[in-house]
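Down below is the structure, laid out as structure tokens.
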Amino acid sequence: MKKSLLSAFFLLAALVSGGQPVERPKLVVGIVVDQMRWDFLYRFNERFAANGGFKRMMNNGFNCENTKISYVPSYTACGHAGIYTGSVPAIHGITGNDWYDIEKQDYVYCTADAGADVVGSSNSNAGKMSPKNMLSTTICDELKLATNLKSKVIGIALKDRGGILSAGHSANAAWWYDSKSGQWITSSYYMKQIPPWVTDFNGLKLVDKYYMQGWKTLYPVDTYTQSTRDNNNFEVKPFGNAFPYDLSSLAGKNFNAILATPFGNSLTTQFAKASIENENLGADSIADFLAISYSSTDYIGHSYGPNSIEVEDTYLRLDAELGELLDYLDTKIGKDQYLVFLSADHGAAHVPAFLKENKIPAGNVLVSTMLDAMNKGLEDKFGEPGMVINIINQQVVLNTSLIDNDSKQNIAKIKTWVIQYLLKQEAVQNAFALDDLKNTTLNTTQKSMIANGYYPKRCGHIAIILKPQWIEGFENGGTTHGLWNPYDTHIPLLWYGWKIKKGLTHREVYMTDIAPTLAAMLKIQVPNGSIGTVITELLK
């Protein structure tokens with residue numbers, strides 16, 4: 006009788022409190038691979054290991070094959086903010102890695118915060134960082150709000166912007182790498198001092214150990230048939246002409262070079278696992294979130310280009326590390342107890358010199374030369390020096406304070422002159438005033454992407470669209486990204502783990518759909534600037 010009464014009591018209590026608790030994974034792991042083109046999933050697929058990360062997620066998870074970025078410029082800061090806010094620069098305000106603030110009349114770095122202090126290093130400038138410049142919440146913020154701040158959120162990346170913008174405003178911690186000291190650091194925005202486990206981790210001096218290993222290819226170098234020949238003129242070559250690269254002389258002296266090796270990714274993985282272990286992520290029924298960004302793929306891609314042996318070897322190594330990370334999560338958190346998504350912040354263009362060698366139109370444009378020529382031409386025409394402040398994020402920033410204060414000048418005439426100058430340049434396909442975008446005849450896709458990237462206070466006055474496969478700078482080798490073209494904006498999106506069934510969709514989805522899809526799965530509110538939609542195929 007007592008047992009029946011007790012059961013009835015608990016049933017009534019459950020009904021009064023709203024029934025069963027919301028079912029969520031113990032841990033969500035967001036993985037962003039910096040500068041990963043979508044086609045790498047298939048270009049290197051034959052050599053990905055069966056138990057590696059990429060093939061395991063592709064074969065046993067859900068693959069969104071046609072995932073696009075819906076704005077420009079396609080840069081690192083915008084990409085991480087876009088994935089985690091479900092929004093675009095026109096709303097979340099991260100309009101580039103850097104931008105020129107029209108009101109402040111000064112340059113702003115995306116995560117700069119003069120009110121924050123470094124924690125974990127004597128390099129003060131490396132720690133003056135926080136997410137304050139991002140105007141909207143992330144999915145991590147919304148998870149914390151949904152659990153009354155009980156969820157734990159941590160962001161990790163070699164780049165400060167990769168860790169900070171992913172984790173959001175209310176994160177327990179964001180960690181990034183200080184290339185002057187070789188240590189993982191944070192800022193006073195998150196904590197007053199680093200915990201002992203981070204001090205211990207930094208004390209392992211893993212960077213020096215990686216240097217002593219040197220960078221040799223995983224397989225015989227002549228078997229890398231998906232890449233251009235080693236030792237060519239398309240590369241920057243920071244470590245010498247060809248494999249193998251002896252890095253031992255860097256130990257104890259140069260903590261920056263690790264960024265442009267696969268071992269930067271290894272360092273990130275080890276720190277991620279240490280964070281899970283020491284912060285007890287996924288240890289209870291309240292969902293936690295770990296945002297990991299692999300930055301070395303970007304540094305290596307910039308130096309060597311997508312068709313290099315260095316990039317191929319880096320992705321084969323990353324595949325193995327992701328497999329080890331999944332094995333660790335299976336053991337530590339439990340199979341089907343964690344949810345993983347993997348995507349990228351942007352892709353990258355092929356090296357123009359490589360394309361031209363193979364008769365594909367391409368080129369490099371030196372922005373500083375264009376800037377100097379515009380200022381000289383404007384001074385000759387209007388009699389005033391320095392009318393253009395800079396060209397940044399494919400936008401011309403005019404010196405409006407100078408122009409507005411001079412009654413002899415007419416900003417409309419100055420814009421017209423600049424546009425006419427730009428349209429005469431070999432590299433330029435189109436140029437127009439951003440505040441007249443709605444009246445500009447432009448391809449629908451380009452027009453929408455430019456509008457999505459336009460936040461007036463943090464953008465320039467005239468937009469520049471380069472011809473396909475033309476890039477800014479890198480005349481002496483290497484490549485970059487940032488444009489609307491598919492090589493920069495077609496990215497991978499894989500889902501794996503908790504509640505994920507094997508599947509694939511070719512429907513066009515967007516980077517901004519990741520956060521609302523996570524919100525639907527976690528049964529929480531979408532971020533407050535989100536414009537994305539749920540990828541419903543994933544939930545069926």
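To convert a position in the sequence shown, counted from 1, into the working numbering, add 5.
Cβ coordinates follow ideal geometry from the N, Cα and C atoms, glycine included.
Out of G287, S308, N369, the CA that lies nearest to the CA of L334 is found in G287. DSSP places W475 in the strand class (E or B) of the three-state scheme. Judged by beta-carbon spacing, G91 lies within the 7 Å limit of P532, meaning their Cβ atoms are closer than that value. Within a 10 Å sphere around the beta-carbon of L154 sit fewer than 16 other beta-carbons, which makes this residue exposed. Beta-carbon to beta-carbon, Q434 and I470 are separated by about 5 Å, close enough to satisfy the 8 Å threshold. CA-to-CA, the gap between P136 and T230 works out to about 42 Å. Counting along the chain, the unbroken alpha helix (DSSP H) around S406 starts and ends at 405 to 409. Its Cα nearest to that of D39, the residue Y299 stands out among Y299, K197, L509, E362. Beta-bridge analysis with DSSP links D183 to Q188.
Closest by C-alpha distance to I540, out of G58, R61, N71, V27, is N71. In this structure T421 is exposed. Its beta-carbon is surrounded by fewer than 16 other beta-carbon atoms within 10 angstroms. Bounds of the alpha helix (DSSP H) holding G306 are 301 to 309. Pairing I297 with I161 gives a Cβ-Cβ distance under 7 Å. Of all C-beta pairs linking the stretch 58 to 69 to the stretch 494 to 512, three or more are shorter than 8 Å, placing the two stretches in contact. For the pair of segments examined, the stretch 120 to 133 was found not to touch the stretch 482 to 493: the number of CB pairs separated by less than 8 Å stays below three. Between Y112 and A119, the alpha-carbon positions lie close to 13 Å from each other. Taking 7 Å as the cut-off, the beta carbon of Y216 is found closer than this to the beta carbon of S253.
When the beta-carbon positions are compared, G57 and D324 come within less than 7 Å of each other. Counting only runs of 4 or more residues that sit fully inside the stretch 187 to 233, the alpha helix (DSSP H) segments are 201 to 208, 211 to 218, in chain order. With a minimum length of 3 residues, the unbroken runs of beta strand (DSSP E) contained wholly in the stretch 434 to 510 fall at 467 to 471, 475 to 477, 498 to 502, 508 to 510. Counting other Cβ atoms within 10 Å of its Cβ, G388 stays below 16 and is therefore classed as exposed.
The alpha-carbon separation between Y459 and I159 amounts to approximately 29 Å. I529 and V226 have their C-alpha atoms spaced approximately 49 Å apart. V423 sits away from I455, with the two beta carbons spaced by 7 Å or more. In this structure, DSSP gives K364 a state outside helix and strand, which the three-state scheme calls coil. Using a Cβ distance threshold of 7 Å, P521 and G508 do not count as a contacting pair.
Nearest neighbour of E317 by Cα position, chosen from R234, D103, C145, L383, turns out to be R234.
Going by beta carbons, F239 and A358 fall inside the 7 Å limit. Rounded to the nearest angstrom, the Cβ distance from V203 to W181 is 12 Å, too far for a contact under 8 Å.
Under the three-state reduction of DSSP output, N50 falls in the helix class. One alpha carbon belongs to L140, the other to K221, and they sit about 43 Å apart. A residue is called buried once 16 or more other Cβ atoms fall within 10 Å of its Cβ, and Y76 is buried on that count. Assignment of M392 by DSSP, reduced to helix, strand and coil, places it in the coil class. As the crow flies, the alpha-carbon of L371 is around 24 Å from that of T302. Fully enclosed beta strand (DSSP E) runs of no fewer than 3 residues occupy 293 to 299 of the stretch 260 to 338, in order along the chain.
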